[in-house]
Amino acid sequence: MRFWLSVATLVGTIVGVGMFGLPAVINEAGWGPLLAVALIGVAVVMLTHVAYAHVVLLSLKRRRLPGYAREWLGKRAERCAFFSQMVGLIGSALAYLLVGGVFFAQLVRIFTPFADWMGIGVFFLAGALLVWRGTKSIAETELVMVVIMLGAIVLLGAIAAPQWEWRNLVAVAGSGGPWRAYGVLLFSLWGMSVVPEAAELIPRRQIGRMVSVSVLLSLLASALFVGVAMGVANDQVSQDGLSSLVASFGVSAQLFGFAFGVLATFTSYLTLTRTTVDMLQLDLNMSFLPSFALALFVPLMLLAAGVHDFVTVIAVTGAVSLGFEGALALMMEKRAVAAHPRGKIVHIPPLVRTATVTLLIAGIAIELLATFGAV
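Per my numbering, the very first residue in the sequence shown carries number 872; after that it's consecutive.
Okay, structure coming up:
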């Protein structure tokens, strides 16, 4: 039972807004490149998460990623880890704000005209109010949300069954490169932040199996959503996947679909924003008010500055910020095992570690070049 609770903890963090971006990048890249990226991405996610769990178990005390980086790699690595996590949190919050706000606007538009920017504004103000009052999305809430999300996907699939066509899936040829797909896939499968909590629930020997099962279950949930969304939408796939899925539904089904989207994104938006506030207070010794202002308004300012391409946001966040975290985890794991060889629970061959770090660093460079039009 504790094994499955550990799996649920990790899956509850992994399954989220990232899967909404997968239909768009599959439509862009095509099935062949996507499957190649998926094979590499799943292996990288499993390896980095197991490495991070290893670091947690071999360290002197519980910390966050910057603290582990300081313990094993020094203060410069700590600063890099903090910056990477902040970029990841802000990028993720921006993604949730973009998608959640649009879902809310589409929900209201069922009844009355309502612009997307108005939906984003309401989503932002509601989040700001609850974070100000100290409301948090705790682990139990996220576990409930993943059950609701999986149930909602199945229900949406049942509703979509009359419009679903196999030829819509096989007709996807792709017209672009796989680079954005790589970042979006990493984003949709990443759950490193809760690896310490998940690892504490089970015996050390089960950690590798727990990570593998969690990542594969999360991949299955995303594949289910992709299959439903693309089987209905043909080549008219929206950036968030859900909008194009429910476009052909009746009013009641649209109401359900967008309400599910708002609920799924809003709880995670609260968690991300609150985590950012806590990091600024604890790591930079900032008081609550400036921490609150930075956590809330930096994503909003990026949005106002024109950063409103949802898929690009999660692709860059996934490849750059999360890719850097994965590389750090593998480098820390090497130092931790060297310091405590008798405590080693998994063996990562040096060649595999080096190749994975190289791949992650190359992914950062390629994603940035692709984003700015150089590749």
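For glycine and all other residues, C-beta sits at the position ideal for the given N, C-alpha and C.
### Query
What is the rounded straight-line gap between the Cα of F1137 and the Cα of M1203?
To locate residue 1137, count along the sequence shown from 1; it is residue 266. To locate residue 1203, count along the sequence shown from 1; it is residue 332. Straight-line spacing of the CA atoms in F1137 and M1203 works out to 33 Å.
### Task
Measuring alpha carbon to alpha carbon, tell me which of T1144, G1132, A952, V916 ends up nearest G971.
The residue given as residue 971 occupies position 100 in the sequence shown. It is G1132 whose Cα lies nearest to the Cα of G971.
### Task
Report buried or exposed for K1205, applying the criterion of at least 16 other Cβ atoms within 10 angstroms of its Cβ.
As a first step, residue 1205 must be located in the sequence shown, where it is residue number 334. K1205 comes out buried.
### Contact under 7 Å by Cβ, L1199 with A900
The count along the sequence shown starts at 1 and reaches residue 1199 at position 328. The count along the sequence shown starts at 1 and reaches residue 900 at position 29. The answer is no: Cβ separation not under 7 Å.
### Query
Taking all protein chains shown into account, do 16 or more other C-beta atoms lie within 10 angstroms of the C-beta of P937, making it buried, or fewer, making it exposed?
By one-based count along the sequence shown, residue 937 stands at place 66. Counting Cβ neighbours within 10 Å, P937 comes out buried, since at least 16 surround it.
### Query
If you count every other CB in all the chains shown that lies within 10 Å of the CB of T983, and 16 or more means buried, which is it?
Here the question's residue 983 lines up with position 112 in the sequence shown. Taking a 10 Å sphere around the C-beta of T983, we find fewer than 16 other C-beta atoms and assign the residue as exposed.
### Query
CA-CA distance, Q1152 and L1167?
The residue given as residue 1152 occupies position 281 in the sequence shown. The residue given as residue 1167 occupies position 296 in the sequence shown. Their backbone Cα atoms lie some 14 Å apart in a straight line.
### Query
Hey, I991 and V1099 are a contact pair by Cβ (cut 8 Å); roughly how many whole angstroms apart?
Position 120 of the sequence shown holds residue 991. Position 228 of the sequence shown holds residue 1099. Going by Cβ atoms, the distance from I991 to V1099 rounds to 26 Å, so no, they are not a contact pair.
### Task
Assign W1003 to one of two classes, buried (16 or more other C-beta atoms within 10 Å of its C-beta) or exposed (fewer than that).
Against the sequence shown, residue 1003 aligns to sequence position 132. Exposed is the call here.
### Proximity below 7 Å, CB of T1227 to CB of V1065
Locating residue 1227 in the sequence shown gives position 356, where the first residue counts as 1. Locating residue 1065 in the sequence shown gives position 194, where the first residue counts as 1. Contact: no.
### Query
When burial is assigned at 16 or more other CB atoms within 10 Å of the CB, is Q1107 buried or exposed?
Counted from its first residue, the sequence shown places residue 1107 at position 236. By the neighbour-count rule (16 or more Cβ atoms within 10 Å), Q1107 is not buried but exposed.
#### Entry: V888 beta carbon less than 7 Å from that of A966
Here residue 966 is taken as the residue at index 95 of the sequence shown, counted from 1. Here residue 888 is taken as the residue at index 17 of the sequence shown, counted from 1. In contact: A966 and V888 (Cβ atoms closer than 7 Å).
#### Entry: Close beta carbons around E949, own chain, < 6 Å, minus the five adjacent residues each side
Taking the first residue of the sequence shown as 1, we reach residue 949 at position 78. Short of 6 Å from the beta carbon of E949, and not among the five residues preceding or following it, lie these beta carbons of its own chain, in chain order: P937, A940, R941.
### Query
Is S1109 helix, strand or coil by DSSP?
Mapped onto the sequence shown, residue 1109 falls at position 238. S1109: coil per DSSP, three-state reduction.
### D1149 to S1162 span [Cα, whole Å]
One-based indexing of the sequence shown puts residue 1149 at position 278. One-based indexing of the sequence shown puts residue 1162 at position 291. If you take the alpha carbons of D1149 and S1162, they lie about 8 Å apart.
### Message
Using C-beta distances below 8 Å, list every residue in its chain close to V1247, excluding the 5 sequence neighbours before and after it, in chain order.
### Response
Residue 1247 cannot be examined here, being either before or after the span of the chain that is shown, 872 to 1246.
### Query
In the structure shown, what three-state DSSP assignment does V1178 receive?
Position 307 of the sequence shown, counted from the first residue, corresponds to residue 1178. Shown here, V1178 sits in coil according to DSSP, grouped into three states, outside any helix or strand.
### Task
Provide the residue span of the alpha helix (DSSP H) that contains L968, from first to last.
Here the question's residue 968 lines up with position 97 in the sequence shown. Residues 946-980.
### Query
Do the CB positions of I981 and Q1125 come within less than 7 Å of each other?
On the sequence shown, residue 981 is found 110 positions in, with the first residue counted as 1. On the sequence shown, residue 1125 is found 254 positions in, with the first residue counted as 1. Yes; because the gap between Cβ atoms is below 7 Å, this pair is in contact.
### Task
Measure the beta-carbon distance from V1217 to H920 and round it to whole angstroms, keeping in mind my assumption that it falls under 8 Å.
Stepping through the sequence shown from its first residue, residue 1217 is reached at position 346. Stepping through the sequence shown from its first residue, residue 920 is reached at position 49. At roughly 11 Å, the Cβ-Cβ gap does not stay under 8 Å, so V1217 and H920 are not in contact.
### Task
Would you give the residue range spanned by the alpha helix (DSSP H) that E1036 belongs to?
One-based indexing of the sequence shown puts residue 1036 at position 165. No alpha helix (DSSP H) holds E1036; DSSP gives it neither H nor E.
### Message
I'd like to know whether the C-beta atoms of L1143 and A1032 end up nearer to each other than 7 Å.
### Response
By one-based count along the sequence shown, residue 1143 stands at place 272. By one-based count along the sequence shown, residue 1032 stands at place 161. For L1143 and A1032, no; Cβs fall outside 7 Å.
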